[in-house]
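**Student:** Residue numbers (our numbering), protein chains in the order written: chain A, 98 to 506; chain B, 98 to 506.
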DNA sequence: CTGAAAGCGCTAACAA
DNA sequence: TTGTTAGCGCTTTCAG
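1. Which residue spans inside the stretch 451-478 of chain A form an unbroken beta strand (DSSP E) run of at least 3?
2. Label residue 139(A) either buried or exposed according to how many other C-beta atoms from any shown protein chain fall within 10 Å of its C-beta, with 16 as the threshold for buried.
3. In whole angstroms, give me the CA-to-CA distance for residue 194(B) and residue 406(A).
4. Have a look at the DSSP bridge pairing and note the partners of residue 233(B).
5. Let me check one thing: in DSSP terms, what residues is residue 238(A) bridge-paired to?
6. Taking the alpha carbon of residue 262(A) as the reference point, which residue from 460(A), 329(A), 158(A), 343(A) has its own alpha carbon closest?
7. Which of the residues in the stretch 224-238 of chain B, read from start to end, lie with their CB under 8 Å from any CB of chain A?
8. Using a Cβ cut-off of 8 Å, pull out every chain A residue sitting near residue 325(B), in sequence order please.
9. Give me the chain B residues within the contact set of residue 249(A), using Cβ-Cβ distance strictly less than 7 Å, ordered along the chain.
10. Could you list which residues in chain B have their beta carbon closer than 8 Å to that of residue 194(A), in chain order?
11. Give me the DSSP bridge partner(s) of residue 496(A).
12. Check whether the Cβ of residue 133(A) lies closer than 7 Å to any Cβ atom in chain B.
13. Just the C-alpha distance for residue 450(A) and residue 440(B), rounded to the nearest angstrom, thanks.
14. Measuring only the C-alpha atoms, how far is residue 468(B) from residue 232(B)?
15. Taking the continuous alpha helix (DSSP H) assigned at residue 335(A), which residues delimit it?
16. Could you tell me if residue 458(B) is buried or exposed, where buried requires 16 or more neighbouring beta carbons within 10 angstroms of its beta carbon?
17. Between the C-alpha atoms of residue 375(B) and residue 403(B), what's the straight-line distance to the nearest angstrom?
18. Report yes if the CB atom of residue 525(B) is closer than 7 Å to the CB atom of residue 324(A), and no otherwise.
19. Please confirm if the stretch 294-304 of chain B is in contact with the stretch 484-502 of chain B, defined as three or more CB-CB distances below 8 Å between the two stretches.
20. Between residue 107(B) and chain A, is there a C-beta pair that is closer than 7 Å?
21. Could you name the residues of chain A that residue 301(B) contacts, counting a contact when the two beta carbons are closer than 8 Å?
22. Between the Cα of residue 161(A) and the Cα atoms of 239(A), 234(A), 167(A), 134(A), which residue gives the shortest distance?
23. With 16 other CB atoms within 10 Å as the buried threshold, where does residue 125(A) fall?
24. If you measure from the beta carbon of residue 149(B) to each beta carbon in chain A, is any gap under 7 Å?
25. Below 7 Å between beta carbons: does that hold for residue 495(A) and residue 419(A)?
26. Under a CB-based cut-off of 7 Å, is residue 272(A) close to chain B?
27. Using the three-state DSSP reduction, which class does residue 487(B) fall into: helix, strand or coil?
28. Could you tell me the alpha carbon to alpha carbon distance between residue 149(A) and residue 250(B), rounded to whole angstroms?
29. For residue 337(B), which residues of its own chain have a beta-carbon under 8 Å away from its beta-carbon, when the five flanking residues on both sides are left out?
30. Taking the alpha carbon of residue 438(A) as the reference point, which residue from 497(A), 187(A), 164(A) has its own alpha carbon closest?
31. Would you give the residue range spanned by the beta strand (DSSP E) that residue 292(A) belongs to?
32. So is residue 438(A) in contact with chain B if we call contact Cβ pairs under 7 Å?
33. Let me see if you follow: with CB-CB separation under 7 Å, is residue 101(A) close to chain B or not?
34. Relative to chain B, which residues along the stretch 465-494 of chain A have a C-beta separation below 8 Å, given in chain order?
35. Classify residue 354(B): buried if its beta carbon has 16 or more other beta carbons within 10 angstroms, exposed otherwise.
36. Relative to chain B, which residues along the stretch 262-287 of chain A have a C-beta separation below 9 Å, given in chain order?
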């Protein structure tokens, strides 16, 4: 490691020219077998590893793709103390029985938020696809202030960049995209000339809602929104509305619909659920009169007339908050109320009851993003691409198929 | 994006020399404010992003660290069909109610194995620490055959490399480490001159086992091993043995211990558990006579005399397999038998009962690895470092503190 | 404070 | 089949 050997060293050692060394490494078949092995031997003998930087420079190609993700939650931890690392004489016994299943995990002073696992999937997808296409993958996550620096830094080292929506300001993207192709992920409101890969929020929510509405005895539905400035919320809301309209057109004119404001957070979901349980609340909807027909197998009429037959939430976190409250209040889900989410986060697989939701193909997002970049690399003139990935509805216990009915699309 | 602007373009545009452009970007204070802004303006106007490759070459420093992880499970998927991506008219409704909580998740043809989430933690830790130290992070995962190529490839592009144990053959590591510092993660049997960061398997298992043995009425214990060629298994087994020896020395001479062969897999755990339940089995141990004193609050004596008071497993997967079988057989855990694992995988947080285990600080592993590399980068002469990270015992329902007793270390 | 010039290690014509 | 020779775009002395 004293002084990394170069092509020149290898060439000298093998008594050939540097060009031949290069050839052996890149197009081995263009070299006579004997010379080839001789060179290879020298490579091994000297411990030669070609410099990626030099390659990139000479070849005008880095062979690297970049992925920019939203930042982690816990960043500003103090500089760690090395000393503690070698002292393993005291193993703490932590009583973890109280830990909330869906909450963050304490790990030696850090916090790992399950919601982040989400992006890990994107990363894995991108990683796999990158290498398959012959590219290495460089990752970076948003760090508030230094974001600009990082993006610029990474942009100079890669042949293409995939960026998760809302993590990088538009002007920065514009700047960077003058040098390399940039693809924006999971953004449904493209206002630029970049390539976009998004997920079909509208169709997903339409399908899910249709399923919910087709369930037996569903006549009163609450939709819990996300923040009003979210494009995701807008799309999902539209999907919900379309399903409602479809249902009404198909003979469900008496369907009652109410809209409650959420904010994509668990707490937001809790608030809405509590309001629904509070006696006295009840209207604010846009629908017709009270639900037609009594519910079968309904639980206790907690919350009386305020409680709908189904709560359709704009995302999983919200739905989990709703489940929290219903669970604590003894409301039978799905017996009395059905609850659905959107996203397909892990926590939804472990809630009680497990959450029916729309799963976004995060891994696929990462893969398609990479493909998209590679594509543009080969054909830079191509008009901006907009790929929308299909989603899938996962029917779980919070709104199971047995209570539902016809297959919808 | 036609032709990326270079320092020359910027220099010309700003009417300065390329050296000045470089200075503005690297040591802005060495340049008169007026020229500086002039250059900066040109940078913006031209959409200039410095080439990482050229920088790396000229500066003999990539500013990038590499992380090599074990491969993903699902790799050999067919080349995806682009057509399907734009057809989102049919949203599938998947009945996900039967899905095993701890099993893989089906996602549009791919499988995402929760066990992998494990390494994601390492990745996040490394990512955070890298950027904090001023390095970008490049990731790669083992792909059976092409591994050698990838490692070499990545090695040429980074200033240092962190590798998860057993993912790269020793000779390859040796080769690469002649060029850049290499740190091996989670490997407890360093047979090389490289830096190592590992986890305290011995102390962790010793602490956990001591806790188990100190529990009321624990007189008959089964240890389920990992594969015999695993260094982790060796260490954990040693920790177990030490705890047993300690217990015996402290008046537990009648402690009965049996060792069953596992293989770190869930199925392995299942097999052992089934054997334990099978009537007729019973010995094979090394311990003294039957357990002293009747168990309190014990459930039905399923499996009769073969069933121990506690099953200590070499890893979580094994323990989850054991829990599977016990659960199905109606064996009360922890009432009748206590079960423990090792690793701290997510699935253990969601099993029934939730699994008591030793948590490895995966995120910390990634962070420390990076620190370790940076350290060696600044002081290449340093003797090989061996850092052992402390673990922590997570007491959950499968072997809770109430049934246990004294605090151990 | 700014400019000129010499590489950094490799690839890719073009020759031989 | 192999060698020669330009650069690739930037950092960095060393002068001015």
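All C-beta atoms, glycine included, are put in the ideal place defined by N, C-alpha and C.
Keep in mind it's a predicted model, so treat the numbers as computed, not measured.
**Tutor:** From the atom records:
1. 454-456
2. Start at 1 with the first residue of the first chain, and residue 139(A) comes out as number 42. Result: buried.
3. Counting from one through the second chain, the residue named residue 194(B) turns up at place 97. Counting from one through the first chain, the residue named residue 406(A) turns up at place 309. About 21 Å.
4. Along the second chain, one-based indexing puts residue 233(B) at 136. Per DSSP, 161(B).
5. Numbered from its first residue, the first chain carries residue 238(A) at position 141. Paired residue(s): 166(A).
6. For the purposes of this step, residue 262(A) is taken as the residue at position 165 of the first chain. Among 460(A), 329(A), 158(A), 343(A), the Cα nearest to that of residue 262(A) belongs to 329(A).
7. 224, 225, 228, 233, 234, 235, 236, 237, 238
8. Your numbering for residue 325(B) matches position 228 in the second chain. Residues of chain A passing the Cβ test: none, with the nearest at roughly 25 Å.
9. Here residue 249(A) refers to the residue found at position 152 when the first chain is read from its first residue. Per Cβ cutoff of 7 Å: 146.
10. Stepping through the first chain from its first residue, residue 194(A) is reached at position 97. Within chain B, the residues near residue 194(A) are 451, 492, 493, 494, 497, 498.
11. As a working note, residue 496(A) is residue 399 in the first chain. Looking at the DSSP assignment, residue 496(A) forms no beta bridge with any residue, so it has no partner.
12. Start at 1 with the first residue of the first chain, and residue 133(A) comes out as number 36. Answer no: the Cβ-Cβ gap between residue 133(A) and chain B never drops below 7 Å.
13. For the purposes of this step, residue 450(A) is identified with residue 353 of the first chain, where counting begins at 1. For the purposes of this step, residue 440(B) is identified with residue 343 of the second chain, where counting begins at 1. Near 27 Å, if we compare the C-alpha coordinates of residue 440(B) and residue 450(A).
14. Position 371 of the second chain, counting from 1, holds the residue named residue 468(B). Position 135 of the second chain, counting from 1, holds the residue named residue 232(B). If you take the alpha carbons of residue 468(B) and residue 232(B), they lie about 11 Å apart.
15. Translated into the one-based positions of the first chain, residue 335(A) becomes position 238. Note, residue 335(A): alpha helix (DSSP H), 328-346.
16. By one-based count along the second chain, residue 458(B) stands at place 361. The residue is buried, with at least 16 neighbouring Cβ atoms inside 10 Å.
17. To locate residue 375(B), count along the second chain from 1; it is residue 278. To locate residue 403(B), count along the second chain from 1; it is residue 306. Answer to the nearest angstrom: the Cα atoms are 8 Å apart.
18. Since the displayed chain B opens at 98 and closes at 506, residue 525(B) lies outside it and no answer follows.
19. yes
20. Translated into the one-based positions of the second chain, residue 107(B) becomes position 10. Not an interface residue.
21. Locating residue 301(B) in the second chain gives position 204, where the first residue counts as 1. Those are 188, listed as they occur along chain A.
22. Stepping through the first chain from its first residue, residue 161(A) is reached at position 64. The option with the nearest alpha carbon to residue 161(A) is 234(A).
23. Here residue 125(A) refers to the residue found at position 28 when the first chain is read from its first residue. Exposed, because fewer than 16 other Cβ atoms sit within 10 Å of the Cβ of residue 125(A).
24. Position 52 of the second chain holds residue 149(B). So yes, residue 149(B) belongs to the interface.
25. Here residue 495(A) corresponds to residue number 398 of the first chain, with the count starting at 1. Here residue 419(A) corresponds to residue number 322 of the first chain, with the count starting at 1. Against a cut-off of 7 Å, the Cβ pair of residue 419(A) and residue 495(A) comes out as no contact.
26. On the first chain, residue 272(A) is found 175 positions in, with the first residue counted as 1. At least one chain B Cβ lies under 7 Å of residue 272(A).
27. As a first step, residue 487(B) must be located in the second chain, where it is residue number 390. Three-state DSSP puts residue 487(B) in coil, outside helix and strand.
28. Residue mapping note: residue 149(A) aligns to position 52 of the first chain, counting from 1. Residue mapping note: residue 250(B) aligns to position 153 of the second chain, counting from 1. Going by the C-alpha atoms only, they are around 7 Å apart.
29. Counting from 1 along the second chain, the entry for residue 337(B) is found at position 240. Excluding positions up to five away in sequence, the list reads 302, 303, 306, 320, 409.
30. Here residue 438(A) is taken as the residue at index 341 of the first chain, counted from 1. If we check each option's Cα against that of residue 438(A), 497(A) comes out closest.
31. Counted from its first residue, the first chain places residue 292(A) at position 195. Per DSSP, residue 292(A) belongs to the beta strand (DSSP E) from 292-296.
32. In the first chain, counting from the first residue as 1, residue 438(A) sits at position 341. Taking Cβ atoms only, chain B never reaches closer than 7 Å to residue 438(A), which makes this a no.
33. Taking the first residue of the first chain as position 1, residue 101(A) is located at position 4. With 7 Å as the cut-off, residue 101(A) counts as an interface residue toward chain B.
34. 465, 468, 477, 484, 485, 486, 487, 488, 489, 490, 491, 492, 493, 494
35. The count along the second chain starts at 1 and reaches residue 354(B) at position 257. Buried, by the Cβ-count rule.
36. 271, 272, 273, 274, 275, 276, 277, 278
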